[in-house]
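S.K.: Here's a structure for you.
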Amino acid sequence: TQLLEQSPQFLSIQEGENLTVYCNSSSVFSSLQWYRQEPGEGPVLLVTVVTGGEVKKLKRLTFQFGDARKDSSLHITAAQPGDTGLYLCAENSGNTPLVFGKGTRLSVIA
Amino acid sequence: DAGITQSPRHKVTETGTPVTLRCHQTENHRYMYWYRQDPGHGLRLIHYSYGVKDTDKGEVSDGYSVSRSKTEDFLLTLESATSSQTSVYFCAIRTDRSPLHFGNGTRLTVT
């Protein structure tokens with residue numbers, strides 16, 4: 027089973043600041059998904075990255091997939107309180123069940 | 009979300025009692041999953057199903073059983089609940105090509 031390491035585990039920042047969270051593995055990802063989970067709800071998919079070096083943008087969120095497909099990052103520009111939540115990465119390998127990292131818990135303070 | 013419903017949303021039970029959690033979907037998705045989420049451990053797979061009556065174990069299956077007698081329902085049973093099974097349980101569904109779609113979870117407390 028592939029292990030996914032997410033860092034940092036916790037992050038507390040002021041509104042308007044930028045931040046980056048990371049997802050790393052010792053093995054190559056088939057593809058990688060990022061989810062966001064808000065309190066009392068299930069995780070919701072943000073993006074899937076498939077190709078090494080790929081960059082995807084979702085409003086103020088920028089997702090990068092490493093060239094070697096062993097790491098990924100999520101950068102948030104000008105964070106807002108609505109960005110608060112648990113950010114999870116998950117390795118996607120066809121029809122086998124997803125393996126999730128432990129997540130980064132982000133708190134954006136107004 | 010109307011596509012996937014977990015019941016109950018909250019449950020408190022005593023050690024040693026059997027507990028069944030239900031996941032119901034209206035999407036006709038083939039795959040269904042049960043995860044548990046605990047602080048410091050993230051989401052861990054308990055069991056999953058790839059069709060009616062087709063199930064397989066996940067990473068943390070000990071003490072749990074599942075059944076899927078029809079496409080729309082996936083039941084998770086704790087045969088004899090223990091305090092270590094206090095957790096938030098999430099059901100998720102997907103097709104061959106879609107991402108996971110999660111329910112809103114069941115918070116189970118075993119006293």
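In the order they appear, the protein sequences are chains L and U.
Residue numbers 27 to 136, in the numbering used here, belong to the letters of the first sequence in order.
Residue numbers 9 to 119, in the numbering used here, belong to the letters of the second sequence in order.
C-beta: ideal position from N, C-alpha, C; glycine also.
Nothing here was measured: the structure is a model prediction, and the numbers come from that model.
In chain order, what residues of the segment 47 to 77 of chain L put their CB closer than 9 Å to some CB of chain U?
M.R.: Flagged, chain order: Gln59, Tyr61, Gln63, Gly66, Glu67, Gly68, Pro69, Val70, Leu71 and Thr74.
S.K.: Take leucine 71(L) and list the residues in its own chain whose beta-carbon comes closer than 8 Å to its own, dropping the five residues that flank it on each side.
M.R.: Same-chain partners within the cutoff: Gln59, Trp60 and Tyr61.
S.K.: Whether or not the segment 14 to 30 of chain U and the segment 96 to 113 of chain L are in contact is what I'm after, with contact meaning three or more pairs of Cβ atoms, one per stretch, closer than 8 Å; do they touch?
M.R.: Counting Cβ pairs under 8 Å, fewer than three are found: no touch.
S.K.: What residues in the segment 117 to 129 of chain L have a beta carbon less than 7 Å from any beta carbon of chain U?
M.R.: For the segment 117 to 129 of chain L, which is checked against every Cβ of chain U, the residues closer than 7 Å are Asn121, Pro123, Leu124, Phe126, Gly127, Lys128 and Gly129.
S.K.: Do leucine 124(L) and glutamine 63(L) count as a contact pair if the criterion is CB distance below 9 Å?
M.R.: No, the Cβ-Cβ distance between glutamine 63(L) and leucine 124(L) is not below 9 Å.
S.K.: Does the beta carbon of leucine 100(L) come closer than 9 Å to any beta carbon on chain U?
M.R.: It does not; no Cβ of chain U falls within 9 Å.
S.K.: 9 Å is my cut-off, CB to CB: does histidine 37(U) come that close to chain B?
M.R.: Included in the structure are the protein chains L and U, with no chain B among them.
S.K.: Residues of chain U with CB closer than 8 Å to the CB of leucine 45(L), please, in chain order.
M.R.: Residues of chain U passing the Cβ test: none, with the nearest at roughly 20 Å.
S.K.: Cβ atoms of phenylalanine 91(L) and phenylalanine 55(L): under 9 Å apart, would you say?
M.R.: Against a cut-off of 9 Å, the Cβ pair of phenylalanine 91(L) and phenylalanine 55(L) comes out as a contact.
S.K.: Alpha carbon to alpha carbon, how far is tyrosine 48(L) from aspartate 93(L)? Give it in angstroms, no decimals.
M.R.: Between aspartate 93(L) and tyrosine 48(L), the C-alpha separation is close to 14 Å.
S.K.: Histidine 32(U): which of Lys61(U), Glu80(U), Thr85(U) and Leu86(U) sits nearest, CA to CA?
M.R.: For the residues Lys61(U), Glu80(U), Thr85(U) and Leu86(U), the minimum Cα distance to histidine 32(U) belongs to Glu80(U).
S.K.: Kindly say whether tyrosine 41(U), judged by its beta-carbon, lies nearer than 9 Å to any beta-carbon of chain L.
M.R.: For tyrosine 41(U), the answer is yes, since a Cβ of chain L falls inside 9 Å of its Cβ.
S.K.: Can you list the residues of chain L that phenylalanine 82(U) reaches, using a CB-CB cut of under 7 Å?
M.R.: Residues of chain L passing the Cβ test: none, with the nearest at roughly 13 Å.
S.K.: Are the segment 54 to 67 of chain U and the segment 71 to 84 of chain L in contact at 8 Å, needing three or more beta carbon pairs?
M.R.: Cβ pair count under 8 Å is below three, so no.
S.K.: Consider the Cβ of arginine 30(U): report whether some Cβ of chain L lies at a distance smaller than 9 Å.
M.R.: It does not; no Cβ of chain L falls within 9 Å.
S.K.: Suppose contacts are defined by Cβ-Cβ distances below 9 Å. Is phenylalanine 98(U) in contact with leucine 51(U) by that definition?
M.R.: Yes, the Cβ-Cβ distance between phenylalanine 98(U) and leucine 51(U) is below 9 Å.
S.K.: Does chain L have any CB closer than 9 Å to the CB of proline 16(U)?
M.R.: It does not: the Cβ of proline 16(U) has no partner Cβ on chain L nearer than 9 Å.
S.K.: For glycine 48(U), would you say it is in contact with chain L, using Cβ-to-Cβ distances shorter than 9 Å as the test?
M.R.: Judged by the 9 Å Cβ criterion, glycine 48(U) is in contact with chain L.
S.K.: As a quick exercise: from Ile135(L), Arg95(L) and Cys115(L), pick the residue whose alpha carbon is nearest that of serine 52(L).
M.R.: It is Arg95(L).
S.K.: Using the three-state DSSP reduction, which class does aspartate 109(L) fall into: helix, strand or coil?
M.R.: Aspartate 109(L) falls in the helix class under three-state DSSP.
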